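Respectively, the protein sequence lines represent chains A and B. Residues in the first sequence are numbered consecutively from 16, following the numbering used here. Residues in the second sequence are numbered consecutively from 1001, following the numbering used here. Idealized CB from N, CA, C, for every residue including glycine. Since the structure is predicted, the reported quantities are computational estimates derived from the model, not experimental observations. Everything on this sheet refers to the single structure shown next.
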Amino acid sequence: MARMKFICDAERCIECNGCVTACKNEHEVPWGVNRRRVVTLNDGIPGERSISVACMHCSDAPCMAVCPVNCFYRTDEGVVLHDKDVCIGCGYCAYACPFGAPQFPSQGTFGVRGKMDKCTFCAGGPEANGSQAEFDKYGRNRLAEGKLPVCAEMCATKALIAGDGDVVADIFRNRVLKRGKGAEVWGWGTAYASKQAGQPGVSAPEGAKS
Amino acid sequence: MKPILLVCALVVLLAACGETPQTLGAVRKDDSAYQGTGKGFVAAGWKQGDKAAWESQLKARAQQGQNDYGRMN
């Protein structure tokens, strides 16, 4: 199996916020924390585009690189998760993340910043799969139930696709070929360190071998 | 009296030597998703603990649920 990936098809997203609602409901995410949100580019201008953004589970995750307590880990499926028992809530990951994925609850005394919370690709955390402790800290572990992330599974227009990278890329490629446009995948190059479709390639340094 | 005072002074002086180490521990290892939850509330069509079955289940689910071209044509 390849790595687990999200793709948001901006040609299809209608900014319904169904993915956001589904995520909050599935994981009982507290008020003020949004693991997923819909961002609209050029809002109000003809041709505006919306995209659903959450943790992209980057191949070379900057949050992992900057965490001073090493609370992040990557699963065999390429999902970037973290251990809330280790997190100290410093917020470095929030500054490092290009997608604004790390969220911090602030209902504590004096508005103190709590432990970081983010999209888990519906894969829970280090606690036992499907346990109450895992649900309380990280939400449902749908991957261990043989299911895909709820945000993508319930997307009405199928704009948000999630799953094995090969399958997801095949579905999207087929769509682009059928409709003949909209090959750009926002955030793909940043998250997965690959050349984005429709964009000029990065020229290799002089003398480098391909 | 003097030895007792000496011991007390030594205890106070060496109290800081008992500080616990603060080295970073290893992150806890997570169970693989294919091992399942051990509960009945899972998707049908795969056996918990069978990696190949879990992978094919997720691939089939992605195609059935997200590839509308596959359903229409």
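Against chain B, with Cβ distances strictly below 8 Å, would T135/A count as a contact? The sequence position of residue 135/A within the first sequence is 120, counting from 1. Not one chain B Cβ lies under 8 Å of T135/A.
For F150/A, the first and last residue of its enclosing alpha helix (DSSP H): Here residue 150/A refers to the residue found at position 135 when the first sequence is read from its first residue. Element bounds for F150/A: Q147 to Y153.
Please tell me whether G1065/B has its Cβ less than 8 Å away from any Cβ of chain A. For the purposes of this step, residue 1065/B is taken as the residue at position 65 of the second sequence. Taking CB atoms only, G1065/B has a neighbour in chain A less than 8 Å away.
Pick from G115/A, E160/A and G93/A: whose alpha carbon is nearest that of K133/A? In the first sequence, the residue the question calls residue 133/A occupies position 118. Closest by C-alpha distance to K133/A, out of G115/A, E160/A and G93/A, is G115/A.
Given A76/A as reference, the closest of V95/A, V127/A and A174/A once Cα atoms are compared: The count along the first sequence starts at 1 and reaches residue 76/A at position 61. The closest CA to that of A76/A, considering only V95/A, V127/A and A174/A, is found on V95/A.
Closer than 7 Å by beta-carbon distance: list the chain B residues that pair up with D98/A, in chain order. Here residue 98/A is taken as the residue at index 83 of the first sequence, counted from 1. Simply V1027 and R1028.
Environment of E63/A [buried if 16+ CB atoms lie within 10 Å]: Along the first sequence, read from residue 1 onward, the residue named residue 63/A stands at position 48. Counting Cβ neighbours within 10 Å, E63/A comes out exposed, since fewer than 16 surround it.
Beta carbon of R89/A nearer than 8 Å to that of A69/A: Counting from one through the first sequence, the residue named residue 89/A turns up at place 74. Counting from one through the first sequence, the residue named residue 69/A turns up at place 54. No, Cβ-Cβ distance for R89/A and A69/A is not below 8 Å.
Within the chosen definition, does the segment 145–163 of chain A reach the segment 1035–1044 of chain B through at least 3 CB pairs nearer than 8 Å? With a cut-off of 8 Å, the segment 1035–1044 of chain B and the segment 145–163 of chain A count as touching, because enough Cβ pairs lie within range.
Since G154/A and E30/A should fall inside the 8 Å C-beta cutoff, what is the C-beta to C-beta distance between them, to a whole number of angstroms? Position 139 of the first sequence holds residue 154/A. Position 15 of the first sequence holds residue 30/A. Taking 8 Å as the upper bound for CB-CB distance, G154/A and E30/A are not in contact here, some 24 Å apart.
Among I176/A, Q118/A, G180/A and K193/A, which has the Cα closest to the Cα of A25/A? Along the first sequence, one-based indexing puts residue 25/A at 10. With respect to the C-alpha of A25/A, the residue from I176/A, Q118/A, G180/A and K193/A having the closest C-alpha is I176/A.
Below 8 Å between beta carbons: does that hold for Y110/A and C82/A? Stepping through the first sequence from its first residue, residue 110/A is reached at position 95. Stepping through the first sequence from its first residue, residue 82/A is reached at position 67. Contact check for Y110/A against C82/A fails: the beta carbons are separated by 8 Å or more.
From which residue to which residue does the alpha helix (DSSP H) around D98/A run? Looking up residue 98/A in the first sequence gives position 83. First-last for D98/A: undefined, no H or E at that position.
Within 8 Å of any Cβ in chain B, is that where the Cβ of E30/A sits? As a first step, residue 30/A is located in the first sequence; it is residue number 15 there, counting from the start. Chain B, which has no Cβ nearer than 8 Å to the Cβ of E30/A, makes this no.
Residues of chain B with a CB under 7 Å from the CB of E26/A: which are they? Taking the first residue of the first sequence as position 1, residue 26/A is located at position 11. Within chain B, no C-beta atom comes nearer than 7 Å to that of E26/A; the closest sits roughly 13 Å away.
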